[in-house]
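Below is one structure, written out as structure tokens, with a few remarks after it.
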Amino acid sequence: MYRSKIVGTGFYVPPRVVTNHDLEKLMDTSDEWIQQRTGIKERHYVEDGVGAADLAYEASKRALQSAGMKPEDIDFIVFATLSPDYALPGSGVLLQHYIGARNVGAIDIRDQCTGFLYSLMVADNAIRVGQYKNVLVVGAEVHSTGLDFSTGGRDVTVLFGDGAGAVILTATEEKNKGILSTHLHAEGKYFDKLWTEWPSSKRIPRITHKILDNGGHYPYMDGQFVFKHAVKRMVEVINEALEFNGYTVEDIGMVIPHQANLRINQMVARKMGIPDEKMYNNIHKYGNTTAATIPIALTEALQEGKIKDGDLVIMASFGAGFTWASAAMIW
Ligand code: ACO
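End of the sequence shown sits at 351 in the numbering used here; the numbers just go up one at a time, nothing left out.
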């Protein structure tokens, strides 16, 4: 039976850097507050007219190059985003067009910060059953065009950045190589602890001028509630990956965690006894890029030589939904 392995990675962030000091000019916040509470120093924002599929295109080109593949080698595209370019169609089909792939299938996955790992599950299983050989899996987000830059939105707005990360998964018969497992979870009863309520297809009309004036189209988060659940679920789902594959914390080569808040990752590491150097963090540069965070972090960790051949790598995430997930792989 085939297994899938990652043979190419790439990421792209738009060139415009927005520091905490830049945000101080727009809302009542401070570099000190943001760094202390979240670990974030800066993030990148797009210019007008650049969408998630544009960022994904740049990341995908780099992933293809690192895999030594051409667009026509891709058999299927899985695109994770909570910020698609348009309400319809999805961003996956735009990416298929932009990269010049054949007329292969392209799906969008809507699972927020866990979107990349949900997408990896879909791609991994499509390869395992033998349906596809090479699958492009992308996470890309444009948050900056949908945030509240008044003081009322500061708790959420300072956290997020724009960016994209991509991997190429390919079929392999090698033993002890590639994706070993994926574990996905959801707890929809907490859907409104982190959500964007409007526009809503259950409302007639879907949005009104009054709701726009009141900022009802901006994301809302119960930060402390989300924080507590994130720590608990990340620990659980990393342990689930280890136990399923017969490993312990000592076997870990590198954890690539979601980048929502440095303090979440530090707490997870402390609770599990994972040493700091085995918990990869780059949130200080990019903020939370949601579905893009894990492929961006994986690419950077590889570029920095922090993952070696044969290492056990655990990827784990928690986000809106609530959803949480992990994937274990041997690099
Ligand atoms: N600048 C300055 N002050 C701020 C800011 C800001 N940007 N934001 C909030 N504050 C204030 C609050 O108003 C509050 O003031 P008060 O005490 O006078 O009422 C004070 O700071 C403390 O606020 P808390 O919400 O208690 O701060 P906390 O330490 O919880 O940090 C944060 C907030 C960073 C949002 C944290 O709760 C968090 O990271 N939560 C989890 C985020 C997460 O994991 N999200 C999931 C992934 S995202 C996705 O799936 C799309």
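Built from N, CA and C at the ideal position, the CB exists for glycine as well. Note that the structure is predicted; figures quoted are calculated from it, not measured.
Any non-hydrogen atom of the ligand ACO within 8 Å of ILE284 CB: yes
Any 3 or more C-beta pairs closer than 8 Å across the region 221-232 and the region 190-205: They do not touch, by the three-pair rule.
Between the CA atoms of GLY71 and ASN335 - distance to the nearest angstrom: The question names Asn, but residue 335 in the sequence shown is Met. The alpha-carbon atoms of MET335 and GLY71 are separated by roughly 26 Å.
Spatially closest choice to LEU204 from ALA348, TYR32 and SER221, by CA coordinates: ALA348
MET292 versus THR309, THR310 and ASP271, residue with shortest Cα-Cα distance: ASP271
Inter-residue spacing [alpha-carbon to alpha-carbon] between PHE264 and ILE147: 20 Å
Contact with chain B by ASP168, beta-carbon distance below 9 Å: The chain inventory of the structure shown lacks chain B, comprising one protein chain alone.
THR29 Cβ short of 8 Å to the ligand ACO heavy atom set: no
Reduced DSSP category for TRP215 - H, G, I as helix; E, B as strand; rest coil: strand
ALA393 versus PHE99, ILE26, GLU297 and ASN123, residue with shortest Cα-Cα distance: Given that the chain is displayed from residue 21 to residue 351, the structure contains no residue 393 and the question cannot be resolved.
Three-state class that DSSP yields for THR310 in the structure shown: helix
Completely contained beta strand (DSSP E) runs for the region 25-110, where each covers 3 or more residues: Fully enclosed beta strand (DSSP E) runs of no fewer than 3 residues occupy 36-39, 62-65 and 96-100 of the region 25-110, in order along the chain.
Test item: CB-CB of ALA121 and LEU115 under 9 Å: Contact: yes.
Distance between ARG130 and VAL66 (C-alpha atoms, nearest Å): 21 Å
7 Å Cβ shell around HIS304 - same chain, five flanking residues per side excluded: GLY59, ILE60 and LYS61
ARG63: CB within 8 Å of a non-hydrogen atom of the ligand ACO: no
Pair within 9 Å by beta-carbon distance, GLY28 and GLY112: no
Contained alpha helix (DSSP H) runs [length at least 4] in the region 189-241, N- to C-terminal order: 229-233
Run of the alpha helix (DSSP H) containing ILE127, from where it starts to where it stops: It is not in any alpha helix (DSSP H) - ILE127 instead sits in the beta strand (DSSP E) that spans 125-129.
Under 9 Å between C-beta atoms of PHE154 and ASP93: Note that residue 154 is Asn in the sequence shown, not Phe. Yes, these two residues count as a Cβ contact at 9 Å.
VAL352 Cβ short of 8 Å to the ligand ACO heavy atom set: The structure shown does not extend to residue 352, since the chain is modelled only from 21 to 351, so the question has no answer here.
Limits of the unbroken alpha helix (DSSP H) element including MET141: Per DSSP, MET141 belongs to the alpha helix (DSSP H) from 135-148.
Meets three-Cβ-pair contact criterion under 8 Å: the region 209-229 and the region 296-312: no
CB-CB length for GLY243 against ASP175, believed under 8 Å: 6 Å
Strand pairing of ARG23, partner residues [DSSP]: THR192
Burial state of VAL178 (16 or more Cβ within 10 Å): buried
For ALA160, three-class secondary structure by DSSP: strand
Proximity test, GLN85 beta-carbon vs the ligand ACO heavy atom, cut-off 8 Å: no
Local conformation of VAL333 per DSSP, three classes: Correct three-state label for VAL333: strand.
Status (buried if at least 16 other CB within 10 Å, exposed otherwise) for HIS117: exposed
Contact set for ASP128: own chain, Cβ-Cβ below 7 Å, skip 5 residues either direction: Hits under 7 Å: PHE99, THR101, PRO104, GLY110, SER111 and GLY112.
Beta strand (DSSP E) segment containing GLY181, residue limits: Careful: GLY181 lies outside any beta strand (DSSP E) and carries neither H nor E.
Coarse secondary structure for PRO277, derived from DSSP in three states: strand
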